[in-house]
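A quick write-up on the structure given underneath.
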Amino acid sequence: MTSGAYSLKVLLGSFLGIVAGRVNDKVGPRLLVTVCGFFLGLGYLLMSQIGAIWHLYLFLGVMVAIGTSGAFVPLVSTTARWFVKQRGFMTGIVVSGIGFGTLIMPPVATWLISAYGWRTAYIVIGSVALVLIMSAAQFLRRDPSQVGLLPYGEGEANQAGSNMQGKGFSLQEAIHTRQLWMACVMFFCFGFGLQAIMVHVVPHATDLGI
Numbered sequence: 040m041t042s043g044a045y046s047l048k049v050l051l052g053s054f055l056g057i058v059a060g061r062v063n064d065k066v067g068p069r070l071l072v073t074v075c076g077f078f079l080g081l082g083y084l085l086m087s088q089i090g091a092i093w094h095l096y097l098f099l100g101v102m103v104a105i106g107t108s109g110a111f112v113p114l115v116s117t118t119a120r121w122f123v124k125q126r127g128f129m130t131g132i133v134v135s136g137i138g139f140g141t142l143i144m145p146p147v148a149t150w151l152i153s154a155y156g157w158r159t160a161y162i163v164i165g166s167v168a169l170v171l172i173m174s175a176a177q178f179l180r181r182d183p184s185q186v187g188l189l190p191y192g193e194g195e196a197n198q199a200g201s202n203m204q205g206k207g208f209s210l211q212e213a214i215h216t217r218q219l220w221m222a223c224v225m226f227f228c229f230g231f232g233l234q235a236i237m238v239h240v241v242p243h244a245t246d247l248g249i
């Protein structure tokens with residue numbers, strides 16, 4: 040049952056990530072991440088009140104999925120717009136937040152559950168996520184031009200006659216490139232291997248008496 044709700048979250052979140060990319064192009068990251076942060080925090084808050092299996096599917100499988108859909112694509116694309124020089128390095132810093140959160144949250148959640156119970160743990164985690172994400176989102180701007188700035192390193196690139204930014208691709212051009220589909224396959228393989236293990240590792244360890 041738990042793996043079914045988690046699988047729904049992953050599948051729905053993956054599809055909504057595509058939608059989030061389109062919405063980000065139209066309304067910008069501030070509104071999008073604010074809304075996603077609201078759904079993420081509210082989903083975890085409501086999970087503290089779970090009393091039936093359908094609650095898990097709704098709160099985790101749907102609401103948290105909506106929230107996580109705004110965690111990757113809008114932030115990575117916004118970072119790319121703000122940096123010409125050291126774009127890859129800065130994107131790496133942003134994406135590393137996922138790993139850092141994955142590192143610190145299990146011991147924090149374990150301590151909260153041990154000290155106060157799982158319902159209170161969900162309330163604390165949901166409240167913190169709600170406040171932090173929605174607050175931080177207010178500082179996001181899609182383009183540096185919105186605050187009278189140029190992307191970092193753009194002036195140096197122009198002076199050197201660099202072609203770092205390039206022409207870019209339209210959507211139709213991009214979907215006909217082998218590189219795009221190879222990237223999709225790599226992300227699929229990575230996600231499949233990671234999520235398939237992650238959702239079952241705790242029940243398996245429990246069965247082993249660990």
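Heads up, the sequence shown is in this note's numbering, so the first residue is 40 and it goes up one at a time.
Ideal Cβ placement from N, Cα and C applies to all residues, glycine included.
Given Met173 as reference, the closest of Val66, Val58, Gly80, Leu47 once Cα atoms are compared: Gly80
Local conformation of Gly122 per DSSP, three classes: Looking at the sequence shown, residue 122 is not Gly but Phe. Correct three-state label for Phe122: strand.
Thr159 beta carbon near the ligand SAH (any heavy atom closer than 7 Å): The model depicted lacks the ligand SAH and carries no ligand whatsoever.
Met203 - DSSP class collapsed to helix/strand/coil: With a pLDDT of only 47 at Met203, under 50, the local geometry of the prediction cannot be trusted, and the value read off the model is given with reservation. Coil.
The alpha helix (DSSP H) enclosing Val224, as first and last residue numbers: 217-246
Nearest-angstrom Cα separation, counted from Leu188 out to Val240: 47 Å
Any 3 or more C-beta pairs closer than 8 Å across the segment 57-69 and the segment 106-118: yes
Own chain, CB closer than 7 Å to Asn162, minus 5 neighbours either side, in chain order: What sits at residue 162 in the sequence shown is Ile, not Asn. Excluding sequence neighbours, Ile162 sits near Leu84, Ser87.
Burial state of Thr117, where buried means 16 or more other Cβ atoms lie within 10 Å: buried
Cβ pair Gln211, Arg69 closer than 8 Å: no
Neighbourhood of Val238 by C-beta, 7 Å cutoff - its chain only, sequence neighbours within 5 removed: Ser42, Tyr45
Bridge partners - Tyr191, DSSP secondary structure assignment: Phe122
Assumed close pair Tyr191, Val123 - CB separation to whole angstroms, cut-off 8 Å: 6 Å
N-terminal and C-terminal residue of the alpha helix (DSSP H) that Ile57 is part of: 41-66
Residue interval of the alpha helix (DSSP H) (run including Ser166): 157-176
Helix, strand or coil at Ile152 [DSSP, three-state]: helix
Residue of Leu50, Val115, Pro183 minimising C-alpha distance to Met102: Leu50
Backbone CA spacing between Gln218 and Ser209 [nearest angstrom]: 14 Å
Beta-carbon proximity list for Leu71, same chain, < 7 Å, skipping 5 on both sides: Ala59, Val62, Asn63, Gly109, Pro113
Distance between beta carbons of Ala104 and Lys65, contact taken as under 8 Å: Lys65 to Ala104, Cβ: 21 Å. No contact.
Residues near Met129 in its chain [Cβ-Cβ closer than 6 Å; skip 5 each side]: Thr118, Phe122
Buried versus exposed call for Phe37 [16 or more other C-beta atoms within 10 Å across all chains shown]: Any answer about residue 37 is impossible in this case: the structure gives the chain only from 40 up to 249.
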